[in-house]
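Novice: Note that full-length UniProt numbering has the sequence shown beginning at 1, numbered continuously upward. The structure's right below; bear with me while I get my questions together.
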Amino acid sequence: MRPFLRRATFTALEIGGMAADFGELGKDIIDQVLSMFVKRSLHPVENFEVLPISHLKDGMRALQSGKSIGKIVFDMADDALVPIRIRSQSNWHLDANKTYVIAGGTGGLGLMIAEWMVKQKGARYLLLLSRSGIKQGAIDTIDTVNSLRELGAVIEAPPCDVRDENALRDVVERCRSSMPPIGGCIQSTMVLKDTAFASMSPEDWATSTSPKVRGSWNLHTVLPKGLDFFVLLSSIAGIVGSAGQANYAAGNTYMDALAHYRNALGERAAALDLGAMVDYGFLATNEALRNRVLSAGILRGISSSELLALLDHFCDPQSAVSGPRAAQVVLGLASASEIRAAGLQANSPLLSLPFYQHVFSGTPSSSEQANENAGLEVQRRQEFVSAKSPSDAGVIVAEALLERLVAMTPGLRDRMDAKDLDEAIQIFGVDSLQAIELRSWFAQEFAADVPIFVILGDETLASLGLLVAEKSKLRAL
Numbered sequence: 001m002r003p004f005l006r007r008a009t010f011t012a013l014e015i016g017g018m019a020a021d022f023g024e025l026g027k028d029i030i031d032q033v034l035s036m037f038v039k040r041s042l043h044p045v046e047n048f049e050v051l052p053i054s055h056l057k058d059g060m061r062a063l064q065s066g067k068s069i070g071k072i073v074f075d076m077a078d079d080a081l082v083p084i085r086i087r088s089q090s091n092w093h094l095d096a097n098k099t100y101v102i103a104g105g106t107g108g109l110g111l112m113i114a115e116w117m118v119k120q121k122g123a124r125y126l127l128l129l130s131r132s133g134i135k136q137g138a139i140d141t142i143d144t145v146n147s148l149r150e151l152g153a154v155i156e157a158p159p160c161d162v163r164d165e166n167a168l169r170d171v172v173e174r175c176r177s178s179m180p181p182i183g184g185c186i187q188s189t190m191v192l193k194d195t196a197f198a199s200m201s202p203e204d205w206a207t208s209t210s211p212k213v214r215g216s217w218n219l220h221t222v223l224p225k226g227l228d229f230f231v232l233l234s235s236i237a238g239i240v241g242s243a244g245q246a247n248y249a250a251g252n253t254y255m256d257a258l259a260h261y262r263n264a265l266g267e268r269a270a271a272l273d274l275g276a277m278v279d280y281g282f283l284a285t286n287e288a289l290r291n292r293v294l295s296a297g298i299l300r301g302i303s304s305s306e307l308l309a310l311l312d313h314f315c316d317p318q319s320a321v322s323g324p325r326a327a328q329v330v331l332g333l334a335s336a337s338e339i340r341a342a343g344l345q346a347n348s349p350l351l352s353l354p355f356y357q358h359v360f361s362g363t364p365s366s367s368e369q370a371n372e373n374a375g376l377e378v379q380r381r382q383e384f385v386s387a388k389s390p391s392d393a394g395v396i397v398a399e400a401l402l403e404r405l406v407a408m409t410p411g412l413r414d415r416m417d418a419k420d421l422d423e424a425i426q427i428f429g430v431d432s433l434q435a436i437e438l439r440s441w442f443a444q445e446f447a448a449d450v451p452i453f454v455i456l457g458d459e460t461l462a463s464l465g466l467l468v469a470e471k472s473k474l475r476a477l
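Structural data, given as structure tokens:
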């Protein structure tokens with residue numbers, strides 16, 4: 001107790017929260033404290049005991065008993081086991097006297113959410129918005145809607161393009177006469193127009209971005225204020241990027257920003273940046289694309305149950321979902337332990353960015369392995385530049401290309417062992433999006449501009465490697 005004689009104060013601070021909540025001020029405070037440590041104005045505590053985090057209860061009891069002398073430091077080792085308290089299943093229900101809007105409601109995700117709202121959350125009035133409404137011949141959609149109506153739900157699914165503000169106002173106005181007030185909205189619209197940004201037309205850009213940009217804004221302005229929830233189904237593509245999907249990624253970043261904007265206005269909003277949905281939606285029906293997305297190692301598949309768990313939280317009128325940290329949730333970015341458990345060598349450029357180091361720290365490719373890989377890349381580039389002939393340099397490129405293709409394509413490890421550089425690149429199943437990735441990689445690693453149509457042509461690994469060597473600006477110096 002002696003420090004109190006000097007009017008000392010003991011204060012506990014959570015550094016991460018302080019940096020996030022106070023911005024530059026928080027950063028300045030942390031810098032000042034670290035500077036005091038460097039100048040030895042501050043000293044670590046003495047007479048402390050180190051306990052594993054698994055003994056947290058014992059340590060806290062010792063502190064409460066007064067028998068502990070000094071301080072206790074808990075060591076959080078990677079293999080430590082700790083008890084957890086499982087959160088009880090929520091028992092809240094949607095208001096049966098309110099209408100809930102699902103934009104994109106006749107798509108796969110929209111219908112899944114509609115079923116959840118009616119069957120599990122007690123919703124009785126749903127307004128499903130889509131450009132064409134319920135199409136004739138869409139058997140699954142018709143069956144799902146009819147099954148919900150048989151449960152007593154009133155479901156309207158008029159054709160309505162949310163990008164058209166007047167059309168949206170007309171639909172909302174018409175529904176006021178036959179349905180209760182609107183209580184919440186889920187925005188799940190999506191249109192893909194994938195192509196390289198360099199060749200993307202203004203029409204392709206607008207087609208993909210407008211449902212998420214203009215559509216989300218129209219829902220924000222047309223629907224009433226004070227909603228119980230306003231959930232935007234965004235994508236992790238807006239966080240980590242996605243080859244050939246600059247338009248799609250941009251639309252999702254707008255949704256993220258809109259959630260923060262509504263939050264600043266005092267309106268409820270949350271943007272859920274979803275990763276690779278493996279059991280519903282577009283990836284669920286496209287195995288090749290799903291495997292390619294997951295093979296990079298930095299994304300993990302997420303299930304519909306995980307999405308519904310998030311909706312269970314963010315649609316709950318009583319949940320505390322205010323503030324900038326609650327307005328946006330990223331789901332589906334693999335952790336270090338998940339990458340290790342899957343035996344993957346994450347090969348994404350994200351691993352080199354400081355912004356993601358707290359996520360990937362400890363992965364085989366983010367620490368020692370990352371340094372080793374970086375050294376190999378530097379060595380390979382030096383060998384490429386100093387190669388005596390274009391053919392020798394081409395072999396270096398071809399071998400590096402083979403490694404890259406194996407990393408991008410699951411199940412081709414045996415080709416890595418064979419190292420047959422005379423195989424056609426198309427044997428590896430390279431699609432247009434992978435070709436975009438390879439074009440960027442050639443430019444970054446070898447300073448060579450290779451057209452996409454060449455990558456998608458009938459070149460072999462060896463001939464493509466030679467072409468890169470001949471085009472490289474590194475060897476032209």
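Backbone N, C-alpha and C fix where the C-beta goes; we use that ideal spot for every residue, glycine too.
Rounded C-beta distance between A246 and M200? I'm assuming under 8 Å.
Specialist: Taking the sequence shown and counting its residues from 1, the one referred to as residue 246 is at position 246. Taking the sequence shown and counting its residues from 1, the one referred to as residue 200 is at position 200. Contact holds; Cβ gap of about 7 Å.
Novice: Could you give the C-beta distance for V191 and P211, rounded to a whole number, given that I count them as a contact under 8 Å?
Specialist: Mapped onto the sequence shown, residue 191 falls at position 191. Mapped onto the sequence shown, residue 211 falls at position 211. V191 to P211, Cβ: 5 Å. Contact.
Novice: Count the other CB atoms within 10 Å of the CB of L63; is the residue buried (16 or more) or exposed (fewer)?
Specialist: Your numbering for residue 63 matches position 63 in the sequence shown. Exposed, since its Cβ has fewer than 16 Cβ neighbours within 10 Å.
Novice: In the DSSP assignment, find the unbroken alpha helix (DSSP H) run with Q444 in it and report its ends.
Specialist: Locating residue 444 in the sequence shown gives position 444, counting from the first residue. Here the alpha helix (DSSP H) through Q444 covers S432 to F446.
Novice: If you count every other CB in all the chains shown that lies within 10 Å of the CB of E445, and 16 or more means buried, which is it?
Specialist: Along the sequence shown, one-based indexing puts residue 445 at 445. Buried is the call here.
Novice: Can you tell which of L223, F453, D449 and S440 has its C-alpha closest to the C-alpha of I425?
Specialist: Mapped onto the sequence shown, residue 425 falls at position 425. It is F453 whose Cα lies nearest to the Cα of I425.
Novice: Tell me the residue span of the beta strand (DSSP E) that contains Y125.
Specialist: One-based indexing of the sequence shown puts residue 125 at position 125. Residues Y125 to L129.
Novice: Three or more C-beta pairs under 8 Å: does that hold for the region 161-168 against the region 112-120?
Specialist: The region 161-168 is not in contact with the region 112-120.
Novice: Would you identify the three-state DSSP class for C160, choosing helix, strand or coil?
Specialist: As a working note, residue 160 is residue 160 in the sequence shown. Looking at C160 - three-state DSSP - the assignment turns out to be coil, as it is neither helix nor strand.
Novice: Taking 8 Å as the threshold, find out whether the region 54-62 comes into contact with the region 88-97 through three or more Cβ pairs.
Specialist: Taking 8 Å as the limit for Cβ pairs, the verdict is that the region 88-97 does not touch the region 54-62.
Novice: Let me check one thing: in DSSP terms, what residues is residue 479 bridge-paired to?
Specialist: Nothing in the structure corresponds to residue 479, since the chain is present only between 1 and 477.
Novice: Between I15 and A103, what straight-line distance do the alpha-carbon atoms span, to the nearest angstrom?
Specialist: Here residue 15 corresponds to residue number 15 of the sequence shown, with the count starting at 1. Here residue 103 corresponds to residue number 103 of the sequence shown, with the count starting at 1. Each residue's Cα considered, the two are about 39 Å apart.
Novice: Just how far apart, CA to CA, sit N263 and K119?
Specialist: For the purposes of this step, residue 263 is taken as residue 263 along the sequence shown, with counting starting at 1. For the purposes of this step, residue 119 is taken as residue 119 along the sequence shown, with counting starting at 1. Whole-angstrom Cα-Cα distance: 29 Å.
Novice: Quick one: measure Cβ to Cβ for N218 and V172, integer angstroms, because I've assumed they're closer than 8 Å.
Specialist: Taking the sequence shown and counting its residues from 1, the one referred to as residue 218 is at position 218. Taking the sequence shown and counting its residues from 1, the one referred to as residue 172 is at position 172. About 10 Å; that fails the 8 Å criterion.
Novice: Throw me the rounded Cβ distance for the R475 and V385 pair, which I believe falls under 8 Å.
Specialist: Residue 475 sits at position 475 when you count from the first residue of the sequence shown. Residue 385 sits at position 385 when you count from the first residue of the sequence shown. Contact holds; Cβ gap of about 6 Å.
Novice: What does the alpha-carbon distance come out to for the pair D273 and K473?
Specialist: As a first step, residue 273 must be located in the sequence shown, where it is residue number 273. As a first step, residue 473 must be located in the sequence shown, where it is residue number 473. When rounded, the distance between both Cα atoms is 39 Å.
Novice: Answer yes or no: does any C-beta atom of chain B fall closer than 8 Å to that of V154?
Specialist: The chain labelled as chain B is not found in the depicted structure, where only one protein chain is given.
Novice: Relative to the alpha-carbon of T141, which residue among L109, A326, G122 and Y125 has its alpha-carbon at the smallest distance?
Specialist: As a first step, residue 141 is located in the sequence shown; it is residue number 141 there, counting from the start. For the residues L109, A326, G122 and Y125, the minimum Cα distance to T141 belongs to L109.
Novice: Cα-Cα, which of V293, A237, R268 and V213 is closest to M255?
Specialist: For the purposes of this step, residue 255 is taken as the residue at position 255 of the sequence shown. If we check each option's Cα against that of M255, V213 comes out closest.
Novice: Run the CB neighbour count on M76, radius 10 Å, all protein chains shown included, and call it buried at 16 or more, exposed below.
Specialist: Here residue 76 refers to the residue found at position 76 of the sequence shown. M76 is exposed by the Cβ-count criterion.
Novice: Whole beta strand (DSSP E) runs in the region 240-316 with 3 or more residues, listed along the chain?
Specialist: Whole beta strand (DSSP E) segments, 3+ residues: 270-274.
Novice: Under the rule that 16 or more other beta-carbon atoms within 10 Å means buried, what is I53, buried or exposed?
Specialist: Against the sequence shown, residue 53 aligns to sequence position 53. It is exposed - the Cβ of I53 has fewer than 16 other Cβ atoms within 10 Å.
Novice: What residues in its chain sit with their C-beta under 6 Å from that of T99, if we drop five residues either side in the sequence?
Specialist: Taking the first residue of the sequence shown as 1, we reach residue 99 at position 99. Excluding residues within five positions, the ones whose Cβ falls inside 6 Å are Y125, L127, M179, P180 and I182.
Novice: What residues are listed by DSSP as bridge partners for I155?
Specialist: The count along the sequence shown starts at 1 and reaches residue 155 at position 155. L126, per the DSSP bridge assignment.
Novice: Is the separation between the beta-carbon of K121 and that of L81 shorter than 8 Å?
Specialist: The count along the sequence shown starts at 1 and reaches residue 121 at position 121. The count along the sequence shown starts at 1 and reaches residue 81 at position 81. Taking 8 Å as the Cβ cut-off, K121 and L81 do not qualify as a contacting pair.
Novice: Between F48 and the rest of its own chain, which residues show a CB-CB distance below 7 Å, the 5 nearest in sequence each way excluded?
Specialist: Your numbering for residue 48 matches position 48 in the sequence shown. Contacts found: G70, K71, I72 and V73.
Novice: Kindly provide the ranges of any alpha helix (DSSP H) runs that are 4 or more residues long and lie completely inside the region 70-120, ordered along the chain.
Specialist: Counting only runs of 4 or more, we get 108-119.
Novice: Verify whether the separation of the beta carbon atoms of G244 and L433 is less than 8 Å.
Specialist: Working through the sequence shown from its first residue, we reach residue 244 at position 244. Working through the sequence shown from its first residue, we reach residue 433 at position 433. Going by C-beta atoms, G244 is nearer than 8 Å to L433.
Novice: Smallest Cα separation from I134: which of G107, E150, A123 and Y248?
Specialist: Position 134 of the sequence shown, counted from the start, is the residue given in the question as residue 134. Measuring from the Cα of I134, the nearest candidate turns out to be G107.
Novice: Please work out which residues of its chain come closer than 6 Å, Cβ to Cβ, to A271, disregarding the five sequence neighbours upstream and downstream, and give them in chain order.
Specialist: Stepping through the sequence shown from its first residue, residue 271 is reached at position 271. L232, S234, M255, D256, A259 and Q328, listed in sequence order.
Novice: According to DSSP, is S367 part of a helix, a strand, or is it coil?
Specialist: Walking along the sequence shown from the start, residue 367 turns up at place 367. Note that S367 scores a pLDDT of 46, beneath 50, so its modelled location is shaky and nothing firm can be said.
Novice: Report the residue ranges of all alpha helix (DSSP H) runs contained in full by the region 4-57; include only those spanning at least 4 residues, in chain order.
Specialist: The qualifying runs are 15-38.
Novice: Assign S216 to one of two classes, buried (16 or more other C-beta atoms within 10 Å of its C-beta) or exposed (fewer than that).
Specialist: In the sequence shown, the residue the question calls residue 216 occupies position 216. So S216 counts as buried.
Novice: Could you name the residues of the same chain whose beta carbon sits closer than 7 Å to that of Y280, not counting the 5 residues immediately before and after it, in chain order?
Specialist: The residue labelled residue 280 in the question sits at position 280 within the sequence shown. The residues are G108, L109, M112 and S304.
Novice: Can you list, in chain order, the residues of its chain with a C-beta nearer than 6 Å to that of D228? Leave out the 5 residues immediately preceding and following it.
Specialist: By one-based count along the sequence shown, residue 228 stands at place 228. Contacts found: G183, G184 and P317.
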